[in-house]
Amino acid sequence: WLEIWRKHFRPLHIGEKIVVCPEWIEYEKQPFEEVVKLDSNMAFGTGEHETTAMCLKLLQTYLTPESVCIDVGCGSGILGISAIKLGAKYAYLTDIDYVAVESAKHNAEINNVAGMVTVAHSNLLDNADIKGDIMLANITAEILCGLAPSIPKNLKKGGTLILSGIIESRLQTVITAFTAEGLTLEKTLREGEWLALSFKL
Numbered sequence: 326w327l328e329i330w331r332k333h334f335r336p337l338h339i340g341e342k343i344v345v346c347p348e349w350i351e352y353e354k355q356p357f358e359e360v361v362k363l364d365s366n367m368a369f370g371t372g373e374h375e376t377t378a379m380c381l382k383l384l385q386t387y388l389t390p391e392s393v394c395i396d397v398g399c400g401s402g403i404l405g406i407s408a409i410k411l412g413a414k415y416a417y418l419t420d421i422d423y424v425a426v427e428s429a430k431h432n433a434e435i436n437n438v439a440g441m442v443t444v445a446h447s448n449l450l451d452n453a454d455i456k457g458d459i460m461l462a463n464i465t466a467e468i469l470c471g472l473a474p475s476i477p478k479n480l481k482k483g484g485t486l487i488l489s490g491i492i493e494s495r496l497q498t499v500i501t502a503f504t505a506e507g508l509t510l511e512k513t514l515r516e517g518e519w520l521a522l523s524f525k526l
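In short: position in the sequence shown from 1, add 325, done, that's my numbering.
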């Protein structure tokens, strides 16, 4: 899998500013672009999947220089690292998979943003003191619904929640779960069979 990934993965332009580029490829950055380098590894999140790409597009819509971002289920760290590259103040990344945590730490280092991110090996944000302006979760609909009750404790009032990993048959279930927690649906994106949503708290 790693060799196939290395052979075929090329720089990906996502949204207006982000270019996801393999670490081993030289890429000449344009003035308006932010390049996110990724090492080859087993952690999900290369930008090739529609769910990751939609999260990155929505992130570019909402992020400001004052944003503190939280990425739940960070995989390779692509979303949190992109947030910092786009100008966010800080990013907290969590994942239950040890491989993902190590991968995200490594990718943060090769992007020179390690000092602006925290990567935690945890199921969810256990620390209610951590508050984000933007929270991202690109997981399955079932896990997203399970997350819903805990989201408000870590999302600032007026903050943005970006979700993906949702298929059509689970869309209404996810919307219902989060609106029940006081969030308001703002945007819906669709690519292929996948959907991404943004909510405001």
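Just so you know, even glycine gets a beta-carbon here, dropped at the ideal spot from N, CA and C.
Below 7 Å CB to CB, which residues in the same chain sit around E511 once its five sequence neighbours on both sides are set aside? Excluding residues within five positions, the ones whose Cβ falls inside 7 Å are S523, F524, K525.
Alpha-carbon spacing of I491 relative to G400, whole angstroms: Distance between the alpha carbons of I491 and G400 is about 17 Å.
Over the uninterrupted beta strand (DSSP E) stretch that includes G471, give me the two end residues. Where G471 is concerned, there is no enclosing beta strand (DSSP E), although the alpha helix (DSSP H) it sits in stretches over 466-472.
Alpha helix (DSSP H) segments (min. 4 residues) lying fully within the region 345-409: Runs of the alpha helix (DSSP H) inside the region 345-409: 375-387.
Could you give the C-beta distance for C454 and G484, rounded to a whole number, given that I count them as a contact under 8 Å? Sequence inspection shows Asp at residue 454; the Cys mentioned does not correspond to that position. Between G484 and D454 the Cβ distance is about 15 Å, and since that is not below 8 Å, they are no contact.
Taking only the alpha-carbon atoms, compute the straight-line gap between E493 and E375 and give it to the nearest angstrom. C-alpha separation (whole angstroms): 14 Å.
Which of the three DSSP states is assigned to E427 in this structure? The three-state reading of DSSP puts E427 in helix, counting H, G and I together.
Check whether V397 and A416 have beta carbons under 7 Å apart: Cβ atoms of V397 and A416: not closer than 7 Å.
So, for A462: in the same chain, excluding its five sequence neighbours on each side, which residues have a beta-carbon less than 7 Å away from its beta-carbon? Closer than 7 Å at the Cβ level, and outside the excluded window around A462, lie V397, G398, L469, L472, L488.
Residue closest to Y387, alpha-carbon to alpha-carbon, out of I403, E373, N479, A413: Residue nearest to Y387 within the set I403, E373, N479, A413 is A413 (criterion: CA-CA distance).
Same chain, Cβ closer than 8 Å to K482, five either side skipped, listed in chain order: Excluding positions up to five away in sequence, the list reads L526.
Pull up the DSSP beta-bridge partners for N463, would you. Paired residue(s): S489.
Test item: CB-CB of N452 and I406 under 7 Å: At a Cβ-Cβ threshold of 7 Å, N452 and I406 do not count as neighbours.
6 Å CB neighbourhood of A445 in its chain, flanking five on each side removed: T419, listed in sequence order.
Return the first residue and the last residue of the alpha helix (DSSP H) that I476 is part of. I476 -> alpha helix (DSSP H) spans 476-479.
With distances taken Cα to Cα, identify the nearest neighbour of H338 among I350, E351, E359. Distances from the alpha-carbon of H338 to those of I350, E351, E359 put E359 closest.
When we look at the beta-carbon of K354 and count the other beta-carbons within 10 Å, is it buried (16 or more) or exposed? A residue is called buried once 16 or more other Cβ atoms fall within 10 Å of its Cβ, and K354, having fewer, is exposed.
Are V344 and P336 close, meaning C-beta to C-beta below 7 Å? Their beta carbons are under 7 Å apart, which means V344 touches P336 by this criterion.
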